[in-house]
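In our numbering, the protein residues as written are 1399 to 1825.
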């Protein structure tokens, strides 16, 4: 069943405002466990009751305290992605938050000029508080996304601006990662409910493949040409595969405890590589036996969060903790890395390969910064994302040479037209 675009205009979504903004180190149930930073006593003053009443319904108030602060307009823009409130209530809440939680020192964007032009086209997704997590380019130039908090998969036609949402069958599934198979079915990981789902976009029907109980927190799906579905399970420290024809599921625990297997790519020979976000390791595994081989990165502080691969089967990774772009040659084990332009606290996150370059996003910078690294010249170029980015957790390259991004904290999806001189646009 299709769920047509609509706007959920309700103040109760204000309770999500800080959870959307703060970047979690690990995925969580989108309904429960929000704000594991403990409860706090908010400062007295006009607006306290409104914030306390609405926000504490869904998360600990400590998330507000630890958010890094905002101006009045920034706070208003932030919870504006969650609810449409009366102006008087909006102003009271924004004034309270800005007075008691003003902006704190934060990394500043470093924009590097260069020869490439890009144009950003951004769209607000239909459901407020959706928190688009992963994007996926689809047939006919469509853009798909996971609405993690809205329990939907979304579809955008950039040519017509039409959007549709497809609800998951199980409530509060927490749709996370996305991948299309050769038959046009869209696979997704149900982060909060421990299954991998398959959506038929023609009918809206969803088939669920329930994972073993110990394999919680499914994260990234990847589809082999044969149709086999591979996946990572971050919190459970597993990798696995599904045979869609038989329903057989096979899993393998990672050798290192608390490895947190995260992003995943295939080599040209169909070998999966995974970055272990909980350690300074990247792993590969045999697609048949699931036997795992580990590559230890030289810096013990490295935490590779997302991963990309170039046509020569070189692995590139976003070193989230150190603010670096990394390169691993699996044949030799050699690792090379470069400091990201905006510095050690820039938190590189979503990453992909496109046309001789590695593209990634500095997620801790406000607004987020899109970075291009030319592989041949080893030179950077970068742009601020007009809509803010709100932590771009994943990005993908399209067949026609562009990029799709999901902007979690600002409730948007975007298309980056590479080589375009068109003006930026937002809808």
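Backbone N, C-alpha and C fix where the C-beta goes; we use that ideal spot for every residue, glycine too.
Practice problem: Return helix, strand or coil for residue 1829, following the three-state DSSP convention. | Solution: Given that the chain is displayed from residue 1399 to residue 1825, the structure contains no residue 1829 and the question cannot be resolved.
Quiz item: Name the DSSP beta bridge partners of residue 1645, please?
Solution: Against the chain shown, residue 1645 aligns to sequence position 247. For residue 1645, which the question treats as bridged, DSSP gives no partner whatsoever.
Quiz item: How many Å lie between residue 1803 and residue 1811 at the Cα?
Solution: For this step, residue 1803 is matched to residue 405 along the chain shown. For this step, residue 1811 is matched to residue 413 along the chain shown. It is roughly 6 Å from the alpha-carbon of residue 1803 to the alpha-carbon of residue 1811.
Quiz item: Using the rule of at least 16 other Cβ atoms within 10 Å of the residue's Cβ for burial, across every protein chain shown, is residue 1689 buried or exposed?
Solution: Your numbering for residue 1689 matches position 291 in the chain shown. Looking at its Cβ environment, which holds fewer than 16 other Cβ atoms inside 10 Å, residue 1689 is exposed.
Practice problem: Enumerate in chain order the residues of its own chain whose CB-to-CB distance from residue 1493 is below 8 Å, with the five nearest sequence positions on each side excluded. | Solution: By 1-based counting over the chain shown, the position of residue 1493 is 95. Taken in chain order, the residues that qualify are 1444, 1445, 1470.
Quiz item: Fully enclosed by the stretch 1504-1585, which beta strand (DSSP E) runs are 3 residues long or longer?
Solution: Within the stretch 1504-1585, the complete beta strand (DSSP E) runs of at least 3 residues are 1516-1522, 1530-1535, 1541-1545, 1550-1555, 1560-1565, 1573-1578.
Quiz item: Apart from the five residues just before and just after residue 1698, which ones in its own chain have a Cβ nearer than 6 Å to its Cβ?
Solution: Counting from one through the chain shown, the residue named residue 1698 turns up at place 300. Same-chain partners within the cutoff: 1678.
Quiz item: By DSSP, does residue 1451 sit in helix, in strand, or in coil?
Solution: As a first step, residue 1451 must be located in the chain shown, where it is residue number 53. DSSP places residue 1451 in helix when its eight states are reduced to three.
Self-check item: Which of helix, strand or coil DSSP assigns to residue 1413
Solution: One-based indexing of the chain shown puts residue 1413 at position 15. Any reading at residue 1413 is ruled out, since the residue's pLDDT is 40, under 50, leaving its predicted position unreliable.
Quiz item: With DSSP run on the structure shown, which of helix, strand or coil describes residue 1824?
Solution: Along the chain shown, one-based indexing puts residue 1824 at 426. In the structure shown, residue 1824 sits in a strand (DSSP, three-state: E or B).
Quiz prompt | Cα-Cα separation between residue 1512 and residue 1534, rounded to whole angstroms | solution = As a position in the chain shown, residue 1512 is number 114, starting the count at 1. As a position in the chain shown, residue 1534 is number 136, starting the count at 1. If you take the alpha carbons of residue 1512 and residue 1534, they lie about 27 Å apart.
Exercise. Tell me whether the beta-carbon of residue 1736 lies closer than 7 Å to the beta-carbon of residue 1726.
Key: Indexing the chain shown from 1 puts residue 1736 at position 338. Indexing the chain shown from 1 puts residue 1726 at position 328. Cβ atoms of residue 1736 and residue 1726: not closer than 7 Å.
Self-check item: Span of the alpha helix (DSSP H) around residue 1472
Solution: What you label residue 1472 is simply residue 74 of the chain shown in a count that begins at 1. Boundaries of the alpha helix (DSSP H) around residue 1472: 1470-1478.
Quiz item: Where do the N-terminal and C-terminal ends of the beta strand (DSSP E) with residue 1779 fall, by residue?
Solution: The residue labelled residue 1779 in the question sits at position 381 within the chain shown. Start and end: 1777-1782.
Quiz item: Does DSSP classify residue 1770 as helix, strand or coil?
Solution: Taking the first residue of the chain shown as position 1, residue 1770 is located at position 372. Look at residue 1770 here: in three-state DSSP terms it is strand.
Quiz item: Is the beta carbon of residue 1605 sitting closer than 7 Å to the one on residue 1596?
Solution: Reading the chain shown from its first residue, position 207 is the one you call residue 1605. Reading the chain shown from its first residue, position 198 is the one you call residue 1596. For residue 1605 and residue 1596, yes; Cβs fall inside 7 Å.
Quiz prompt | Same chain only: Cβ atoms within 7 Å of residue 1364, ignoring 5 sequence neighbours per side | solution = Shown here, the chain extends from 1399 to 1825; a query on residue 1364 therefore has no answer.
Quiz prompt | Runs of alpha helix (DSSP H) lying entirely within the stretch 1698-1734, each at least 4 residues, in chain order | solution = Segments of the alpha helix (DSSP H) lying fully in the stretch 1698-1734: there are none.
Quiz item: How do the stretch 1557-1566 and the stretch 1574-1581 stand: do at least 3 beta-carbon pairs fall below 8 Å, yes or no?
Solution: Contact between the stretch 1557-1566 and the stretch 1574-1581 is absent, because fewer than three Cβ pairs lie under 8 Å.
Quiz item: What is the DSSP secondary structure of residue 1485, reduced to helix, strand or coil?
Solution: As a first step, residue 1485 is located in the chain shown; it is residue number 87 there, counting from the start. Helix, per DSSP.
Quiz item: Roughly how many angstroms separate the alpha carbons of residue 1664 and residue 1652, rounded to a whole number?
Solution: As a first step, residue 1664 is located in the chain shown; it is residue number 266 there, counting from the start. As a first step, residue 1652 is located in the chain shown; it is residue number 254 there, counting from the start. In a straight line, the C-alpha of residue 1664 is about 18 Å away from that of residue 1652.
Self-check item: Cβ-based burial, residue 1439 [other Cβ within 10 Å; buried from 16]
Solution: Locating residue 1439 in the chain shown gives position 41, counting from the first residue. Exposed, by the Cβ-count rule.
Quiz item: Should residue 1571 and residue 1549 be called a contact, given that it needs their Cβ atoms to be closer than 7 Å?
Solution: The residue given as residue 1571 occupies position 173 in the chain shown. The residue given as residue 1549 occupies position 151 in the chain shown. Result yes, Cβ atoms of residue 1571 and residue 1549 sit closer than 7 Å.
Exercise. Can you say whether residue 1557 is buried or exposed, counting buried as having 16 or more other CB atoms within 10 angstroms of its CB?
Key: The sequence position of residue 1557 within the chain shown is 159, counting from 1. By the neighbour-count rule (16 or more Cβ atoms within 10 Å), residue 1557 is not buried but exposed.
Exercise. Within its chain, find whatever has a CB closer than 7 Å to the CB of residue 1813; leave out the 5 residues flanking it on each side and keep chain order.
Key: In the chain shown, residue 1813 corresponds to position 415, counting from 1. Excluding sequence neighbours, residue 1813 sits near 1519, 1541, 1556, 1800, 1802.
Quiz item: Is the stretch 1757-1777 touching the stretch 1629-1640, taking contact as three or more C-beta pairs under 8 Å?
Solution: The answer is no - the stretch 1629-1640 does not touch the stretch 1757-1777, with fewer than three Cβ pairs under 8 Å.
Self-check item: Residues near residue 1515 by beta carbon distance below 7 Å, same chain, minus five either side
Solution: If you number the chain shown from 1, residue 1515 lands on position 117. Hits under 7 Å: 1817, 1818, 1819.
Practice problem: With DSSP as the reference, please indicate the residues paired to residue 1746 in a beta bridge. | Solution: Translated into the one-based positions of the chain shown, residue 1746 becomes position 348. Beta bridge pairing from DSSP links residue 1746 with 1760.
Practice problem: Report the rounded CA-to-CA distance for residue 1531 versus residue 1696, giving the unit in angstroms. | Solution: As a working mapping, residue 1531 is identified with position 133 in the chain shown. As a working mapping, residue 1696 is identified with position 298 in the chain shown. Taken atom to atom, the span from the alpha-carbon of residue 1531 to that of residue 1696 is near 30 Å.
Quiz item: Where does residue 1600 sit, in a helix, a strand or coil, going by DSSP?
Solution: Counting from one through the chain shown, the residue named residue 1600 turns up at place 202. DSSP places residue 1600 in coil when its eight states are reduced to three.
Quiz item: What did DSSP end up calling residue 1807 once you bin it into helix, strand or coil?
Solution: In the chain shown, counting from the first residue as 1, residue 1807 sits at position 409. Of the three classes helix, strand and coil, the one that applies to residue 1807 here is helix, per DSSP.
Self-check item: residue 1420 in three-state terms, based on DSSP
Solution: For the purposes of this step, residue 1420 is taken as residue 22 along the chain shown, with counting starting at 1. Here residue 1420 scores only 39 on pLDDT, less than 50, and its place in the model should not be relied on; the value that follows carries that caveat. Residue 1420: coil per DSSP, three-state reduction.
Quiz item: Between which two residues does the beta strand (DSSP E) containing residue 1659 stretch?
Solution: Taking the chain shown and counting its residues from 1, the one referred to as residue 1659 is at position 261. Unbroken beta strand (DSSP E) run through residue 1659: 1659-1664.
Quiz prompt | DSSP beta-bridge partners of residue 1639 | solution = One-based indexing of the chain shown puts residue 1639 at position 241. Secondary-structure assignment with DSSP links residue 1639 through a beta bridge to 1628, 1648.
Exercise. Output the distance between the C-alpha atoms of residue 1730 and residue 1676, rounded to the nearest integer angstrom.
Key: As a first step, residue 1730 is located in the chain shown; it is residue number 332 there, counting from the start. As a first step, residue 1676 is located in the chain shown; it is residue number 278 there, counting from the start. Whole-angstrom Cα-Cα distance: 24 Å.
Quiz item: Exposed or buried, which one is residue 1419 when buried takes at least 16 other CB atoms within 10 Å?
Solution: For the purposes of this step, residue 1419 is taken as residue 21 along the chain shown, with counting starting at 1. Caution applies to residue 1419, whose pLDDT of 40 falls short of 50 and renders its modelled position unreliable; the value that the coordinates give is listed next. Counting Cβ neighbours within 10 Å, residue 1419 comes out buried, since at least 16 surround it.
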